[in-house]
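The structure under discussion appears below in the form of structure tokens.
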Amino acid sequence: MNYEAVIGLEIHAQLLTKSKIFCGCSTKFGSAPNSNICPVCTGQPGVLPVLNKKVIEFAIKTGLALKGQIAKHSIFARKNYFYPDLPKNYQISQYELPLVTGGHLDIAVNGKTRHVGITRVHLEEDAGKLVHKGAAGLKGSTSSLVDFNRTGVPLMEIVTEPDIRSPEEAKIFVSELRNLLVYLGVCDGNMEEGSLRCDANVSIRPVGQKELGTKTEVKNMNSFKAVQKALESEIKRQTEMIQAGERIVQETRLFDDTTGTTTPMRSKEEAHDYRYFPEPDLVPVEVDRKWIDNIEKTISELPAAKRSRFMKEFGLPELDATILTDDKALADFFEECNKLYKNAKNLSNWIIGDLTAYMKTKKVGIKDINLTFSQFAEMLDMVDKGTISRTSAKSSLTKMLDEGKSIHDIVSESGLTQISDEVKIRLIVLEVIQKNRPQVVQYKSGKTTLAAFFVGQVMKETKGRANPEVVNRIVVEELNKA
Amino acid sequence: MELFQLTAHELHAKLDKKEVSAEEITKSVLGRISRVENGVSAFLAINVDEAIDRAVEIDEQIASGKAMTPLTGIPVAIKDNMCTKGAITTCASRILRNYLPPYNATVVENLLKAGAIPIGKTNMDEFAMGSSTENSAYKVTKNPWDLKTVPGGSSGGSAACVAADEAILALGSDTGGSIRQPASLCGVVGLKPTYGRVSRYGLIAFASSLDQIGPISKDVADAAILMNFIAGHDEKDSTSVDEKVPDYRGSLIDDVKGMKIGLVKELIGKGIAVDVKKAILEAADLLKKLGAKVEEVSMPTFEYGVPTYYILATAEASSNLERYDGVKYGHRSKDSDDLLTMYYNTRREGFGPEVKRRIMLGTYALSAGYYDAYYLKAQKVRTLIKNDFDRAFSKFDALISPTSPTVAFKIGEKTDDPLSMYLSDIATIPVNLAGIPAISIPCGFVNDLPVGLQIIGKAFAEETIFRVAYTYEQNTQWHKRKPNL
Chain A
1 MNYEAVIGLE IHAQLLTKSK IFCGCSTKFG SAPNSNICPV CTGQPGVLPV
51 LNKKVIEFAI KTGLALKGQI AKHSIFARKN YFYPDLPKNY QISQYELPLV
101 TGGHLDIAVN GKTRHVGITR VHLEEDAGKL VHKGAAGLKG STSSLVDFNR
151 TGVPLMEIVT EPDIRSPEEA KIFVSELRNL LVYLGVCDGN MEEGSLRCDA
201 NVSIRPVGQK ELGTKTEVKN MNSFKAVQKA LESEIKRQTE MIQAGERIVQ
251 ETRLFDDTTG TTTPMRSKEE AHDYRYFPEP DLVPVEVDRK WIDNIEKTIS
301 ELPAAKRSRF MKEFGLPELD ATILTDDKAL ADFFEECNKL YKNAKNLSNW
351 IIGDLTAYMK TKKVGIKDIN LTFSQFAEML DMVDKGTISR TSAKSSLTKM
401 LDEGKSIHDI VSESGLTQIS DEVKIRLIVL EVIQKNRPQV VQYKSGKTTL
451 AAFFVGQVMK ETKGRANPEV VNRIVVEELN KA
Chain B
483 MELFQLTAHE LHAKLDKKEV SAEEITKSVL GRISRVENGV SAFLAINVDE
533 AIDRAVEIDE QIASGKAMTP LTGIPVAIKD NMCTKGAITT CASRILRNYL
583 PPYNATVVEN LLKAGAIPIG KTNMDEFAMG SSTENSAYKV TKNPWDLKTV
633 PGGSSGGSAA CVAADEAILA LGSDTGGSIR QPASLCGVVG LKPTYGRVSR
683 YGLIAFASSL DQIGPISKDV ADAAILMNFI AGHDEKDSTS VDEKVPDYRG
733 SLIDDVKGMK IGLVKELIGK GIAVDVKKAI LEAADLLKKL GAKVEEVSMP
783 TFEYGVPTYY ILATAEASSN LERYDGVKYG HRSKDSDDLL TMYYNTRREG
833 FGPEVKRRIM LGTYALSAGY YDAYYLKAQK VRTLIKNDFD RAFSKFDALI
883 SPTSPTVAFK IGEKTDDPLS MYLSDIATIP VNLAGIPAIS IPCGFVNDLP
933 VGLQIIGKAF AEETIFRVAY TYEQNTQWHK RKPNL
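Chains as they are written, first to last, in the working numbering: chain A, 1 to 482; chain B, 483 to 967.
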């Protein structure tokens with residue numbers, strides 16, 4: 001029997017506000033333990049939460065981008081459970097009447113558009129962090145410390161409908177949603193630092209069956225790859241169990257990236273009764289049309305729209321458009337350069353190729369590199385005009401990036417100007433032919449592919465400065481004469 | 483008359499005329515405390531040195547020409563559920579026995595700015611849960627009128643110290659009657675303001691949607707004066723209301739002619755002591771004689787007040803008290819092998835029986851499968867009670883009733899019968915559920931124990947109830963009687 005997976009995702013995004021959701025403390029990551037804390041976020045007796053308005057704006061922005069309904073009236077609730085990283089032992093969250101309901105995000109999977117429904121978007125506060133002494137985890141540790149810096153950092157939870165059918169789709173969805181959040185400027189999208197976290201509800205059922213199977217919740221997927229790997233492993237586990245006639249137990253399972261498998265975290269018997277009830281310390285959030293309209297105005301072009309525009313306006317293939325628009329900063333860089341350098345495909349090749357390769361080795365982003373639009377455009381222009389060769393352009397680019405020099409200076413300092421002078425080139429070609437008699441004989445006897453060898457030698461002699469087209473032509477001419 | 487016997491407005495007049503100094507006032511009050519506190523046991527902490535130092539400093543400020551407020555140099559007692567920076571705040575609970583707040587409650591901050599002198603922290607029922615102050619983990623406060631009886635609760639310490647002249651003014655908090663009922667039992671004035679009128683920031687929460695801080699004083703004018711300094715919007719409390727604060731002294735008008743006052747029928751019937759009922763009817767009669775139109779009004783939902791309250795207040799409390807877990811501050815049980823045991827032992831050792839009872843009640847009411855039947859239903863009844871008040875206030879300017887169904891009862895009399903203890907608040911609880919203001923003022927004595935008259939107003943109509951209270955007070959002498967100590 002064939003089975004299909006039914007997957008719904010819960011994505012927690014840390015919002016990029018300067019201060020926490022219910023107090024004025026900084027949300028800065030990486031500060032010394034317990035340095036960004038106050039009576040409110042450490043749950044001192046008598047304190048009260050005050051909602052950060054920016055948090056609401058970010059969630060409304062996200063809701064609008066996902067085409068959801070923004071609630072005119074929404075409320076916060078308390079989710080009660082005891083844990084040392086939760087100073088009040090309840091988390092202020094939203095339960096009934098969340099800020100955003102409905103909406104969708106369309107993703108492209110193997111050239112087809114898949115429609116993933118959004119159930120809700122709601123706001124809550126993050127918990128702190130436990131540091132266990134004497135062991136890697138709680139088990140075996142001699143003592144545990146609590147760092148409350150993260151306590152009260154605003155989180156936005158985005159819950160999807162069970163519309164996802166494969167681990168690949170899940171991965172694409174998370175990546176697409178991440179791009180959207182980064183585009184909106186509401187989240188930095190950093191999965192490793194935990195500013196974007198993903199849990200999945202997954203079940204399987206025979207193809208064609210309507211009823212859903214028993215689901216498990218998979219947690220601890222800390223990268224796009226991990227999302228795909230975890231779901232593949234969990235679906236495989238469930239399929240094998242069902243085929244062996246066993247029942248799936250509803251439970252929470254943790255993914256382990258090193259083993260690539262999921263293991264149960266807590267069983268049903270220990271399932272929490274969170275005793276949700278409306279948070280009496282906060283007043284309902286009232287959102288009027290005017291506020292929504294003002295926020296809508298701040299939303300610029302979103303990834304999907306940008307992608308199709310890049311294809312239409314610049315005639316770029318889908319792959320180029322996708323890679324460029326996946327990173328808003330990269331897309332902006334492309335557009336700025338394109339104002340100065342019109343060959344869009346060539347520009348795209350250079351950005352996706354050499355420039356991206358450089359950024360990968362240096363582990364930096366487009367915003368961190370030392371390259372102006374005009375310098376980059378000028379370099380490409382010089383290649384097109386034949387002033388420098390592609391090869392020297394490649395090495396010059398590295399120099400420009402490493403040393404911050406202008407393309408002009410690099411070219412004049414190292415004499416990189418391309419040699420197109422036929423006489424000069426012909427002299428070098430003749431020299432090369434003389435030095436390599438055995439290869440000439442082979443060429444003559446029909447191994448014409450050896451022409452490339454001679455071209456290479458000429459390029460070596462000229463340190464890559466010779467115009468390859470001219471070299472090609474003259475090499476063939478001279479070999480035939482030789 | 484000794485200085486400690488005077489009211490804040492009387493002392494202010496003397497300070498203003500330079501007849502006395504803040505230091506003399508403070509020392510007079512501290513002297514009174516040293517003589518009677520052994521018997522009354524109103525305080526959990528007395529700021530002897532700090533109060534004198536502050537009084538001296540304030541006298542210097544006055545001498546250097548700094549403007550005085552009506553609270554400058556006035557000793558004020560603070561209920562021990564309001565955070566005082568650097569001064570232990572226990573909520574009368576073992577679980578907070580060593581808790582040093584890193585911040586001041588907004589009301590405390592306001593008092594300090596006004597030049598008041600915090601004289602001490604007063605005893606209360608643990609976490610404000612109780613009606614007799616017998617639930618304190620530390621001591622039993624006695625009623626200054628009869629040391630064998632309770633002062634009421636939960637602000638029993640605040641009411642008793644004002645009645646015993648151990649403080650000129652006090653702050654209390656009222657969740658279901660915790661200012662008014664002890665004020666009534668101790669023969670002083672106590673106001674529960676409109677929910678949202680006074681900031682709750684720094685008030686250790688019992689039931690967030692019901693808690694409200696208010697003044698306890700020797701007369702109505704002093705309550706109005708204290709309100710002037712604690713009322714108002716606070717950015718730190720989202721539930722505090724951004725509504726203009728009037729000068730409440732403007733409502734101290736000796737005139738109720740033409741005012742329509744409703745006497746709550748349900749609160750002069752079953753369960754109310756006959757002598758208390760008589761005192762209330764006499765008060766109603768006096769108001770009539772003074773020109774008010776007094777009629778009976780029926781509040782049919784009142785009988786559901788107590789059960790509704792004990793679901794909502796305990797539900798909120800069960801959540802509010804979750805933070806006392808031994809992890810961050812307060813009591814932590816020693817020698818626990820794991821986290822869960824530490825939680826269990828800390829809370830078992832730290833909380834008293836009434837607090838535990840209410841945590842269990844509230845947890846139950848919020849549990850999966852019971853939420854709709856209890857919490858949600860109680861919220862609906864709460865709306866019905868509000869509707870009852872709305873109906874009444876469409877006809878009346880104010881409502882009156884007894885504050886407490888009986889005068890002060892004997893210490894230990896109700897401790898084994900929580901239900902009868904809960905009924906002490908039958909007249910006060912509906913007011914909290916509706917979020918409206920009410921005051922209790924002395925209106926007579928039964929067996930030499932004070933009776934309190936409750937005057938209830940519309941939301942933000944503190945001025946109306948001050949006016950009725952002031953008029954009644956100006957035409958009676960009850961508030962001038964002092965207990966023999």
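Glycine included, every Cβ here is placed at the ideal spot set by N, Cα and C. Every value quoted in this text rests on a predicted model; they were computed, and no experiment measured them.
9 Å Cβ cut-off: residues of chain B touching residue i
| i | result |
| --- | --- |
| residue 289 (chain A) | Correct list: empty, because the minimum Cβ distance to chain B is about 23 Å. |
Partners in chain B for residue i, counting only beta-carbon separations shorter than 7 Å
| i | result |
| --- | --- |
| residue 398 (chain A) | Result: empty, since nearest Cβ-Cβ is about 54 Å, beyond 7 Å. |
| residue 273 (chain A) | 849 and 850 |
Cβ-based neighbour list, residue i, same chain, cut-off 6 Å, excluding 5 preceding and 5 following
| i | result |
| --- | --- |
| residue 924 (chain B) | 669, 932, 960 and 961 |
| residue 261 (chain A) | 233 |
| residue 941 (chain B) | 676 and 918 |
is_contact[residue i, chain B] using C-beta, thresh 9 Å
| i | result |
| --- | --- |
| residue 209 (chain A) | no |
| residue 243 (chain A) | no |
| residue 212 (chain A) | no |
| residue 206 (chain A) | no |
| residue 47 (chain A) | yes |
| residue 39 (chain A) | yes |
| residue 42 (chain A) | yes |
| residue 183 (chain A) | no |
| residue 95 (chain A) | no |
| residue 3 (chain A) | no |
| residue 376 (chain A) | no |
| residue 269 (chain A) | Only weak support is given to the placement of residue 269 (chain A): the predicted model assigns it a pLDDT of 48, under 50, and the value that follows is read from those uncertain coordinates. No - not a single Cβ of chain B is within 9 Å of the one on residue 269 (chain A). |
Cross-chain neighbours of residue i in chain B, by beta carbon under 8 Å
| i | result |
| --- | --- |
| residue 282 (chain A) | 720 and 721 |
| residue 78 (chain A) | 801 |
| residue 252 (chain A) | Within chain B, no residue comes near residue 252 (chain A); the closest Cβ sits about 17 Å away, beyond 8 Å. |
| residue 51 (chain A) | 720 |
Element boundaries [beta strand (DSSP E), containing residue i]
| i | result |
| --- | --- |
| residue 198 (chain A) | 196 to 206 |
| residue 889 (chain B) | First-last for residue 889 (chain B): undefined, no H or E at that position. |
| residue 217 (chain A) | 216 to 221 |
Min CB distance residue i to chain A below 9 Å
| i | result |
| --- | --- |
| residue 724 (chain B) | no |
| residue 686 (chain B) | yes |
| residue 830 (chain B) | no |
| residue 557 (chain B) | no |
| residue 571 (chain B) | yes |
| residue 485 (chain B) | no |
| residue 432 (chain B) | Nothing can be reported for residue 432 (chain B): it is not among the residues displayed for chain B, which extend from 483 to 967. |
| residue 550 (chain B) | no |
| residue 925 (chain B) | no |
Listed by chain order, chain A residues near residue i by CB distance under 9 Å
| i | result |
| --- | --- |
| residue 817 (chain B) | Within 9 Å Cβ-Cβ: nothing; residue 817 (chain B) doesn't reach chain A, min ~14 Å. |
| residue 810 (chain B) | 42, 43, 44, 84, 87, 146 and 148 |
Interface residues of chain A facing residue i [CB-CB closer than 8 Å]
| i | result |
| --- | --- |
| residue 807 (chain B) | 82, 84 and 89 |
Spatial neighbours of residue i in its chain, beta-carbon cut-off 7 Å, leaving aside the 5 residues before and after
| i | result |
| --- | --- |
| residue 482 (chain A) | 433 and 440 |
| residue 602 (chain B) | 525, 527, 528, 529 and 559 |
| residue 657 (chain B) | 610, 688, 689, 692, 693, 795 and 914 |
| residue 406 (chain A) | 375 |
| residue 179 (chain A) | 303 and 326 |
| residue 328 (chain A) | 182 and 183 |
| residue 1 (chain A) | 206 |
Residue i - containing alpha helix (DSSP H), residue span
| i | result |
| --- | --- |
| residue 762 (chain B) | 756 to 771 |
| residue 814 (chain B) | Unbroken run through residue 814 (chain B): none, as it is neither H nor E. |
| residue 314 (chain A) | 303 to 314 |
| residue 970 (chain B) | An answer regarding residue 970 (chain B) cannot be provided, because it is not within the stretch 483 to 967 covered by chain B. |
Residues of its chain near residue i, where Cβ-Cβ distance is below 8 Å and the 5 sequence neighbours each way are ignored
| i | result |
| --- | --- |
| residue 60 (chain A) | 70, 99, 100, 287, 291, 292 and 295 |
Quick check for students: name the residue ranges of the alpha helix (DSSP H) that lie wholly in the stretch 900 to 930 of chain B, counting only runs of 4 or more. Counting only runs of 4 or more, we get 900 to 904 and 911 to 916.
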